[in-house]
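Beneath this line is the structure, given in structure tokens, with notes to follow.
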DNA sequence: AGAAATTTGTCCGTATGTATC
DNA sequence: AGATACATACGGACAAATTTC
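Residue numbers (my numbering), protein chains in the order written: chain R, 1073 to 1207; chain F, 1073 to 1207.
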């Protein structure tokens, strides 16, 4: 296979996959990600592509890397109370469309964090980003 | 030559050199940097190393790159990521009404944080809470 | 303490895809 | 359409930091 990168480049696909594992708790905060060599085997891509994907996660602040040690998921501080997180794809409303410079109804990724205290929501945080964001 | 990178790595040396040219006005704001191929010849390094150096400058907010065009020095200081915050009262939609255990249309305080990067929104965070909440 | 194995960091050369001029 | 320029991807080699034995 030469190097066709139709649509989404591979490093971005891999970055999203790894991000998903972190957000799903499959790779808990502080835990090491698989080594680059391992990821190379798993995704069947060159090491450079794996490093590119990890660099994207690092830029997004999701992971940190140390020289002879490895790359680990960064621990984020949970907001004291219980928080539940959902992520879904939504259509951009008029306001968001302007901000992101996209068309109304275009796809956006919404991440919703609900902070509850004794059943009732205390705070609801909705974060929007572009689907093809480097993250 | 194999790969001796004693002391400072080459891509960093090159990044510093280019930064110097920008700060000295040799490459004025808005002007294009030499093409990657040109820099490859000038510094006698591979294109990957040049790209690494330019990526460092980009992360620092000193330059911007456009696909088939080139890399140019940015006009002003790194607006790296500028956040603006607005706060307003909104009516609860169906989802929020359930979460907060209030009626649809009841008042909620919405705080919107827009993280921009060179004009376009990179991330939009909307936080909802009850009007009579502290903070 | 020291050697080996593991893992990330740097660099090269090449090939091909894609956007702009 | 052609030339130019950046983007993605491969594979190989060696350096440097860390961990393990």
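In this text, a Cβ means the ideal position worked out from N, Cα and C, and glycines have one as well.
Nearest Cα to residue 1170/F within the set 1200/F, 1195/F, 1184/F and 1112/F: 1200/F. For residue 1164/R against residue 1102/R, the beta-carbon gap comes to about 35 Å, at or over 8 Å, which does not count as contact. Our two residues, residue 1137/F and residue 1174/R, have alpha carbons roughly 21 Å apart in a direct line.
Exposed is the label assigned to residue 1119/F, since fewer than 16 other Cβ atoms lie within 10 Å of its Cβ.
Taking 8 Å as the cut-off, the beta carbon of residue 1100/F is found closer than this to the beta carbon of residue 1145/F. When only Cα atoms are considered, residue 1115/R and residue 1086/R end up about 8 Å apart. Here residue 1176/R is exposed: its Cβ has fewer than 16 other Cβ atoms, across all protein chains shown, within 10 Å. Interface with chain R (8 Å Cβ-Cβ cutoff): residue 1199/F is included. C-alpha of residue 1159/R to C-alpha of residue 1158/F: approximately 24 Å in a straight line. Under the 8 Å criterion on CB atoms, residue 1094/F is classed as non-interfacial with respect to chain R. Chain R has a Cβ within less than 8 Å of the Cβ of residue 1168/F. When 1088/R, 1198/R and 1185/R are compared, the shortest CA-CA separation from residue 1182/F is found for 1198/R. For residue 1120/F, the three-state secondary structure derived from DSSP is helix. Nearest CB-CB separation between residue 1162/F and chain R: not below the 8 Å threshold.
Think of a sphere of 9 Å around the beta carbon of residue 1196/R: the chain F residues whose beta carbon falls inside it are 1167, 1168, 1171, 1172, 1180, 1198, 1199, 1200 and 1201, in chain order.
Contact annotation: residue 1091/R and residue 1108/R have beta-carbon atoms that are not nearer than 8 Å. Around residue 1134/R, the same chain offers 1091, 1094, 1145, 1146 and 1207 as residues with beta carbons nearer than 8 Å, after the five sequence neighbours per side are excluded.
Against residue 1193/R, the close residues of chain F are 1171 and 1172, in the order they occur along the chain (beta-carbon pairs closer than 7 Å). The beta carbon of residue 1186/R falls within 8 Å of a beta carbon belonging to chain F, placing the residue at that interface. Looking only at 1196/F, 1167/F and 1184/F, the smallest Cα-Cα distance to residue 1186/R is reached by 1167/F.
In this chain, residue 1175/R is not harboured by any alpha helix (DSSP H), its DSSP state being neither H nor E.
According to the DSSP assignment, residue 1089/R belongs to the alpha helix (DSSP H) that extends over 1082–1095.
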